[in-house]
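Taking this note's numbering, the leading residue of the sequence shown gets 97, the next gets one more, and so forth.
For every residue, glycine included, the Cβ atom is placed at its ideal position computed from N, Cα and C.
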Amino acid sequence: MDVTVVIRAAGERTEKLCQYIVEQQVPSSQVFVIHERPFWKAVQKTFEIGISEKRKWTLAVDADILMTDDCILKMTKRASVSGDNLYIYQGNIIDKVFGTVRGGGPHLYNSAHLKTALSFLEKNNQNHRPESDTYKKLASKGLLNVIDKYIYGIHDYYQYDLDYFRKGFFHAHKHRRDACQFLTHWSRNLNIDSDYNILLNGWLEGNKHARAEANINFFNSLDAYQSLKESKDKLEKAEFKQLYEEVNKVIDDYKGETVFRVSPIPKKNLGSRILIKSGKYLISMGKHLIDLGK
């Protein structure tokens with residue numbers, strides 16, 4: 097396949113697994129793993145590699161995304177239909193934290209437009225979405241950003257406990273409007289998967305420390321964070337084949353659960369359901385009753 101793959105890693109537990117999956121689909125000589133921070137530098141490096149490798153397509157994959165076994169072939173075939181004016185093609189992924197299918201995942205770029213994209217890339221730490229901002233800027237030049245209906249992978253599965261804790265913490269600050277959705281999903285899975293307990297604990301700490309400067313020193317000061325250190329081993333190569341097969345199984349088993357299934361029920365029988373009380377949403381998460389406001 098005429099594609100260069102750039103895996104963008106930042107210490108994810110699934111970095112080597114992500115690379116293994118990619119290299120089942122394209123030769124390793126076409127795969128580059130980068131560790132660039134802040135994020136705009138990772139985007140810059142992605143574009144530079146795509147330009148220098150001179151293949152038709154450049155696929156950017158974050159290391160916490162695990163692709164289906166036909167992802168790269170299907171993406172390149174379907175992207176080709178859009179013609180030369182295509183800038184970027186994406187599909188959907190199943191997101192473990194939100195419990196939903198959402199647009200995003202692997203970014204397939206038409207390498208012919210990467211020089212232009214590089215000239216538009218904002219190289220500063222203030223812009224939190226430097227990559228997606230290039231979509232808008234190139235769209236103004238008549239280029240296409242296509243999001244297809246297909247699910248091409250899963251996101252945030254098999255990560256370290258510390259990463260889940262931090263993600264829960266930051267969700268309390270960045271995604272308050274979506275809290276009803278992901279908290280409901282977590283509550284349904286607390287007794288099935290311990291990752292959701294960790295996400296919840298991180299979210300609760302995030303609510304307690306809404307104004308904190310959340311750097312590594314701050315997290316190390318939290319008892320709940322300290323207790324998680326090194327609580328998961330690295331993924332071993334012997335596990336990769338089974339986990340690769342599991343990606344397609346997760347997608348095949350996905351039922352597209354209805355997250356907002358709201359019903360008035362007695363407070364004493366909370367379980368893991370959403371309640372309506374006095375015009376507010378309340379969600380019970382084990383021993384926690386969380387007020388999400390109106």
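{"query": "Host alpha helix (DSSP H) of G146 (start-end)", "result": "135-149"}
{"query": "Helix, strand or coil at D291 [DSSP, three-state]", "result": "helix"}
{"query": "Beta-carbon contacts of S359 that lie in its chain and below 6 Å, excluding the five residues immediately before and after", "result": "Annotation note: pLDDT 30 at S359 (below 50); position unreliable, no value reported."}
{"query": "Neighbourhood of M171 by C-beta distance below 6 Å, restricted to the same chain and skipping five residues each side", "result": "L204"}
{"query": "Beta-carbon gap between N206 and R198 smaller than 8 Å", "result": "no"}
{"query": "Beta-carbon proximity list for D274, same chain, < 6 Å, skipping 5 on both sides", "result": "none"}
{"query": "Supposed contact pair Q140 and L214 - C-beta distance, whole angstroms, cut 8 Å", "result": "7 Å"}
{"query": "Spatial distance of E119 from V127 (CA atoms)", "result": "7 Å"}
{"query": "Alpha-carbon spacing of E335 relative to L162, whole angstroms", "result": "14 Å"}
{"query": "Candidates D319, P134, W153, R272, of which the one nearest A306 by Cα", "result": "R272"}
{"query": "For R104 and D158, believed in contact at Cβ under 8 Å, the rounded distance", "result": "5 Å"}
{"query": "Per-residue DSSP class, three states only, for E111", "result": "helix"}
{"query": "Proximal residues to I117 (C-beta, below 7 Å), its chain only, five neighbours per side dropped", "result": "L162, M163, Y340"}
{"query": "Secondary structure, alpha helix (DSSP H): runs of 4+ residues fully inside the segment 264-288", "result": "275-285"}
{"query": "Minimum C-alpha distance to I243 - residue among N293, Y350, P123, G200", "result": "G200"}
{"query": "Classification of I294 by the beta-carbon crowding that lies within 10 angstroms, buried from 16 upward", "result": "buried"}
{"query": "Chain-order list of residues whose beta-carbon lies under 8 Å from that of R109 (same chain, five-residue window excluded)", "result": "Y254, Q255, Y256, D259, K328, K330, L331"}
{"query": "V101, DSSP secondary structure in three states", "result": "strand"}
{"query": "Straight-line Cα distance separating N297 from S323", "result": "12 Å"}
{"query": "Span separating the alpha-carbon of Y321 from that of W282", "result": "19 Å"}
{"query": "Unbroken stretches of the alpha helix (DSSP H), 4 residues or longer, contained in the segment 158-224", "result": "167-176, 210-216"}
{"query": "Where R262 falls, given that 16 or more other Cβ within 10 Å makes a residue buried", "result": "buried"}
{"query": "Check whether K192 and D252 have beta carbons under 8 Å apart", "result": "yes"}
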